[in-house]
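Student:
Right, here's the structure in full:
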């Protein structure tokens with residue numbers, strides 16, 4: 001690991017060297033956006049901004065960096081929430097932005113494959129799939145900004161994971177530049193291909209530490225013939241799980257999304273984004289958003305009505321709202337989708353992207369609430385993809401206090417929440433990744449054998465340690 | 001790589017050393033089955049047979065082998081078709097059989113998770129899922145013998161990949177012993193977990209060369225409310241693809257299997273397994289088996305009838321048989337499932353487990369047939385999972401000749417078929433893996449950057465080269 005200690009700065013001389021090996025206009029200076037973390041946690045640093053136009057240019061950049069041992073930080077849409085795209089220490093890196101590689105190279109509706117460059121924005125990919133009568137199911141709050149390369153690098157989740165899997169499950173192949181600058185042509189459209197180790201899935205989720213994804217082939221799905229969306233006011237989180245089980249018994253794999261929201265989220269919306277139309281004047285403590293997508297010949301709204309009748313009868317839900325139009329559907333989704341923005345406006349002391357086994361959800365919520373009460377008085381907004389066991393458990397100051405007042409408690413809060421997650425066999429990095437924020441958590445909670453294997457793989461593929469140093473694994 | 005050159009034999013002294021570190025009864029001599037390849041291609045070698053009962057014992061065995069640099073060949077059900085479980089060269093290895101670790105530890109119908117030890121037989125796992133009202137979709141000809149550890153190690157495919165994905169897509173977590181003897185506790189039940197590199201998917205498909213899977217958590221699915229099965233006599237392979245597209249337009253993801261069979265397969269059945277009830281007295285040149293699994297409220301047989309009416313009208317299919325009972329369904333499946341056995345009885349000169357992009361299927365079949373005709377006269381049985389682009393393209397002698405007569409042509413036949421697959425951007429190892437059989441193919445057709453990365457990963461995780469040496473990658 002000696003090599004990693006001798007990383008060099010991307011200084012003016014290096015910028016010149018890089019520029020000389022590329023067509024004109026590829027090298028510049030990082031802008032403010034490249035150095036900012038969306039929640040304002042850290043200030044990043046960067047020496048050079050590289051904006052390549054082809055995979056070969058990406059390879060040239062990485063090769064030049066490898067020769068000179070200059071760090072490379074790949075940069076997609078900049079929406080990551082764990083600091084994976086922000087270099088905070090070590091020599092100033094090359095920030096490698098994929099924002100000029102946005103082509104959607106092709107959509108094959110018959111094969112259900114879409115081929116795309118890494119810089120394409122998720123919303124554009126979804127629209128291209130829809131234009132071909134297909135669905136690309138990856139969907140999340142930042143889809144208007146997030147780029148597919150970053151979404152794959154972080155194995156992003158979102159609202160449709162329950163039915164369609166996370167980003168990894170939606171990717172057939174990748175083209176990528178490895179840390180030595182070699183270009184791997186892995187853009188397969190095959191559904192079955194066992195020619196050697198699964199390098200694709202190793203790069204997916206590696207957050208740019210093992211290479212840079214430059215393009216991908218994505219799996220499309222048929223669009224359900226009919227969709228239905230509803231909000232159910234449920235008794236408690238345990239009732240939400242009962243509701244999910246009953247919905248599955250009725251609708252099998254027709255459930256596309258199953259989201260839990262605590263009243264706190266609606267109160268934040270009322271406080272910060274008052275133009276949002278809330279579904280009820282007195283929000284219940286717990287609300288579930290359920291979306292179904294069914295085959296031709298089935299009636300989504302009717303199925304949701306039948307489901308509500310059953311769960312109301314069973315005492316699991318006491319109020320329900322089934323969208324009767326596209327406008328109502330959009331309004332229901334707007335409530336869920338604006339919660340992250342409301343959270344940002346309130347300002348969390350500590351945010352936790354966690355998952356636990358489904359059955360452990362109620363226990364997690366109860367234990368975390370009790371343990372936090374021992375630390376102090378807080379407002380907790382607990383919401384998220386409960387069908388995947390994935391909750392965003394975010395801790396805020398009470399009204400009248402700011403997060404600065406609680407700076408000294410942040411580590412204790414995080415530790416408290418993560419310890420409970422770990423005790424319940426959960427994950428402290430469910431869908432946002434590890435980035436730089438959760439490196440200490442990974443060291444604390446990670447399996448030692450797995451960590452040792454990860455370090456060995458990193459050293460083998462990136463012996464100089466140039467690729468996104470300090471993300472996922474501590475820089476040596 | 002010097003270390004790998006100094007591998008030691010699993011001799012009597014080593015057997016004693018191993019036995020001394022384990023409870024009684026774990027160490028013995030390999031049986032004939034451990035040294036035989038199902039198609040009789042090679043004779044294997046083995047010094048010691050180890051039959052551990054716990055993951056800790058597996059770890060102790062691997063650790064002892066790592067210390068002494070003795071090779072380890074993991075052994076599941078012995079059904080692999082590419083020699084991954086048969087050591088053919090180098091010092092005689094420890095054959096590590098998982099056949100005493102067969103417990104199904106638990107089935108959680110609500111979470112759709114089944115936890116199982118690596119030696120459990122696939123049919124038993126499927127039965128356990130069914131007993132809980134769920135489906136474990138992995139299904140293939142050898143399911144009565146194949147063990148889940150081997151199925152994961154080879155990322156097995158089978159008949160339901162079209163709808164549910166291959167073995168990798170059905171696995172949530174693994175427990176595994178890494179090449180240094182460390183036990184990785186990765187038996188997660190989580191649907192979202194981004195805590196570091198995807199070691200699970202790296203072990204899946206690595207064919208025992210990066211460690212030994214000792215247990216797994218598997219993803220279950222709801223059972224479709226109703227199923228329907230049909231045989232359609234189609235005009236040609238291109239019509240089969242049109243049929244698939246129309247079926248998808250009508251039934252979305254309700255299509256569970258879509259298999260193509262050439263008349264040659266039915267003729268082999270008539271010749272070798274005459275008790276098989278064939279669907280037609282005069283088999284058509286091409287038959288498609290289609291299975292649908294639909295939600296409650298839909299009528300599978302009716303849907304298949306409507307589909308047949310449409311494709312018959314369009315000239316794609318000229319005959320059809322829709323199973324009207326469970327007995328008929330079983331009879332239809334028996335035709336498809338017995339073809340591999342009939343092939344074995346006839347004796348292939350060369351078998352090819354290939355995949356190509358869906359649209360390239362007709363071109364592959366046409367080009368391969370024409371190119372083989374240049375080499376000589378053969379019977380070709382082309383069948384398989386055409387919905388996945390995955391065909392088994394097996395080449396046999398004409399009546400009256402034996403495969404021994406064609407020994408000298410085997411390499412030319414294989415090269416001819418594989419060159420066409422490669423030219424069409426396909427895979428020469430679709431669902432059976434690389435094993436020892438296809439190491440030269442991987443070297444010939446594999447992407448150089450990927451191969452270099454694979455070798456670096458192998459050297460990093462298994463520096464002494466003890467894990468299944470010679471499989472997937474040539475032993476150094």
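Residue numbers (the UniProt record's numbering), protein chains in the order written: chain A, 1 to 476; chain B, 1 to 476. Backbone N, C-alpha and C define an ideal beta-carbon position, used for all residues, glycine too. Computed from a predicted structure; not experimentally measured.
(1) Are the CB atoms of residue 90 of chain B and residue 153 of chain B nearer to each other than 8 Å?
(2) Leaving out five residues on either side along the sequence, give the residues of the same chain with a beta carbon under 6 Å from the beta carbon of residue 239 of chain B.
(3) Note down the Cα distance separating residue 54 of chain A from residue 148 of chain A, rounded to an integer number of angstroms.
(4) For a test of the three-state rule: what should DSSP assign to residue 3 of chain A, helix, strand or coil?
(5) For residue 457 of chain A, which residues in chain B fall below 9 Å Cβ to Cβ?
(6) Can you give me the C-alpha to C-alpha distance between residue 329 of chain B and residue 230 of chain B, rounded to a whole angstrom?
(7) Following the continuous beta strand (DSSP E) through residue 286 of chain B, name the residue where it begins and the one where it ends.
(8) Between which residues of its own chain and residue 272 of chain A is the CB-CB distance below 7 Å, once the five residues before and five after are set aside?
(9) Classify residue 2 of chain B: buried if its beta carbon has 16 or more other beta carbons within 10 angstroms, exposed otherwise.
(10) Could you please give the first and the last residue of the uninterrupted beta strand (DSSP E) stretch that includes residue 116 of chain A?
(11) Hey, residue 146 of chain A and residue 84 of chain A: beta-carbon distance below 8 Å or not?
(12) For chain A, find out if any of its Cβ atoms is closer than 8 Å to the Cβ of residue 428 of chain B; answer yes or no.
(13) List the whole-angstrom C-beta distance separating residue 352 of chain B from residue 161 of chain B, where the pair is believed to meet the contact cut-off of C-beta under 8 Å.
(14) Going along the stretch 145-175 of chain B in order, which residues come within less than 8 Å of chain A, judged by CB to CB distance?
(15) Using the beta-carbon of each residue, which ones in chain B are nearer than 8 Å to residue 355 of chain A?
(16) Using CA coordinates, which residue listed in A:295, A:275, A:109 and A:307 is at the minimum distance from residue 339 of chain A?
(17) Note down, in chain order, every chain A residue with its Cβ under 8 Å from the Cβ of residue 499 of chain B.
(18) What does the Cβ neighbour count give for residue 21 of chain B, buried or exposed, with the cut at 16 atoms within 10 Å?
(19) Taking DSSP as the reference, what is the three-state secondary structure of residue 355 of chain B?
(20) Quick check: is the beta carbon of residue 3 of chain A nearer than 8 Å to any beta carbon in chain B?
(21) Can you tell me whether residue 364 of chain A is helix, strand or coil according to DSSP?
(22) Quick check: the stretch 281-293 of chain B against the stretch 255-264 of chain B, are at least 3 beta-carbon pairs closer than 8 Å?
(23) Residues of chain A with CB under 7 Å from residue 478 of chain B, in chain order?
(24) So which of A:378, A:435, A:429 and A:420 has the shortest CA-CA distance to residue 410 of chain A?
(25) Specify whether the stretch 54-73 of chain B and the stretch 181-195 of chain B touch according to this definition: at least 3 beta carbon pairs, one from each stretch, less than 8 Å apart.
(26) Report yes or no: is there a C-beta of chain A within less than 8 Å of the C-beta of residue 22 of chain B?
(27) Whole angstroms are fine: how far does the CA of residue 214 of chain B sit from the CA of residue 433 of chain A?
(28) Go ahead and label residue 196 of chain B buried or exposed: buried means 16 or more other beta carbons lie within 10 angstroms of its beta carbon, across all protein chains shown.
(29) Give me the chain E residues within the contact set of residue 362 of chain B, using Cβ-Cβ distance strictly less than 8 Å, ordered along the chain.
(30) Quick check: the Cα distance between residue 193 of chain B and residue 431 of chain A, rounded to an integer number of angstroms?
(31) Residues in the stretch 377-400 of chain A with C-beta within 9 Å of chain B's C-beta atoms, listed in sequence order?
(32) Measure how close the beta-carbons of residue 11 of chain B and residue 51 of chain B come, nearest whole angstrom, since I'm counting them as under 8 Å.
(33) Between the stretch 212-239 of chain A and chain B, which residues of the former have a C-beta closer than 9 Å to a C-beta of the latter?
(34) Can you name, in chain order, every residue of its own chain whose Cβ lies under 7 Å from the Cβ of residue 64 of chain A, other than the five neighbours on each side?
(35) Can you find the residues in the same chain that come closer than 6 Å, C-beta to C-beta, to residue 4 of chain B, ignoring five residues on each side of it along the sequence?
(36) Tell me the DSSP bridge mates of residue 222 of chain B?
Tutor: Let me lay it out:
(1) no
(2) 316
(3) 16 Å
(4) Because the pLDDT at residue 3 of chain A is just 43, under 50, the model does not fix this residue reliably, and the point stays unresolved.
(5) 197, 199, 202, 456, 457, 460 and 461
(6) 8 Å
(7) 286-294
(8) 342, 345 and 346
(9) Confidence in residue 2 of chain B is poor, its pLDDT being 45 and thus under 50, which makes the residue's placement too unreliable to answer from.
(10) 113-117
(11) no
(12) yes
(13) Actually they do not touch by this definition, with Cβ atoms about 18 Å apart.
(14) 154, 155, 157, 161, 162, 165, 166, 168 and 169
(15) 190, 191, 192 and 193
(16) A:275
(17) Past the edges of chain B, shown from 1 to 476, lies residue 499 of chain B, and the structure says nothing about it.
(18) exposed
(19) strand
(20) With a pLDDT of 43 at residue 3 of chain A, under the threshold of 50, the modelled position of that residue is not reliable, and the figure given next carries that caveat. So no, residue 3 of chain A is outside the interface.
(21) helix
(22) yes
(23) Shown here, chain B extends from 1 to 476; a query on residue 478 of chain B therefore has no answer.
(24) A:378
(25) yes
(26) no
(27) 27 Å
(28) buried
(29) Structure shown: chain E not included; protein chains present are A and B.
(30) 6 Å
(31) 385, 387, 388, 389 and 390
(32) So it is not a contact: roughly 19 Å between Cβ atoms.
(33) 221, 222, 223, 224 and 225
(34) 17, 18 and 21
(35) Residue placement at residue 4 of chain B is poorly supported in this model, since its pLDDT is 46, which falls under 50; the coordinates are not used for a value here.
(36) B:134
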